Amino acid sequence: MTTLMIFHEVDDVEHWLSSPKREEIFGPMGITVRTFADPAKTNRVGLIVEVPDMETFQRMMESETAAEAMKFDGVRPETILTLVES
1 MTTLMIFHEV DDVEHWLSSP KREEIFGPMG ITVRTFADPA KTNRVGLIVE
51 VPDMETFQRM MESETAAEAM KFDGVRPETI LTLVES
């Protein structure tokens with residue numbers, strides 16, 4: 001299991017937090033996600049993601065399905081920062 005910390009900005013934090021897209025995409029892959037929002041009320045959000053298979057995760061993140069989900073969620077792709085637990 002690989003643990004990731006992912007930070008990015010979104011258009012609307014409340015919409016992003018309530019979106020079903022993470023569970024729809026990650027759930028069937030056995031990926032668990034914990035969400036975080038900046039208490040200073042910026043548009044920055046974060047996730048702790050537990051990934052059983054990094055190769056599958058990376059392929060999925062490069063897919064059209066992931067791009068559509070990010071668009072639906074208002075994710076600003078140019079702001080994504082991913083850290084891998086070492």
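Each residue of the sequence shown is one higher than the one before, starting from 1 at the first, in UniProt numbering. We put the beta carbon where it would ideally sit given N, CA and C, even for glycine. Just so we're clear, the structure is a prediction, and the values are computed from it rather than from any experiment.
Original post:
Leaving out the 5 sequence neighbours to the left and right, which residues in its chain are closer than 7 Å to THR82 when beta-carbon positions are compared?
Top reply: LEU4 and ILE6
Original post:
Can GLU50 and ILE31 be called in contact, C-beta distance under 8 Å?
Top reply: yes
**OP:** Would you mind stating whether HIS8 and ARG76 have Cβ atoms separated by less than 8 Å?
**Re:** A contact, by the Cβ cut-off of 8 Å.
Original post:
Going straight from the alpha carbon of LYS71 to that of HIS15, what length do you get?
Top reply: 12 Å
Subject >> Close beta carbons around ALA67, own chain, < 7 Å, minus the five adjacent residues each side >> reply: none
**OP:** Please name the residue, chosen from MET54, ASP11 and SER86, that lies closest to LYS41 on a Cα-to-Cα basis.
**Re:** Selected option, being the one with the closest Cα: ASP11.
Original post:
Quick one: is VAL84 buried, meaning 16 or more other Cβ sit within 10 Å of its Cβ, or exposed?
Top reply: exposed
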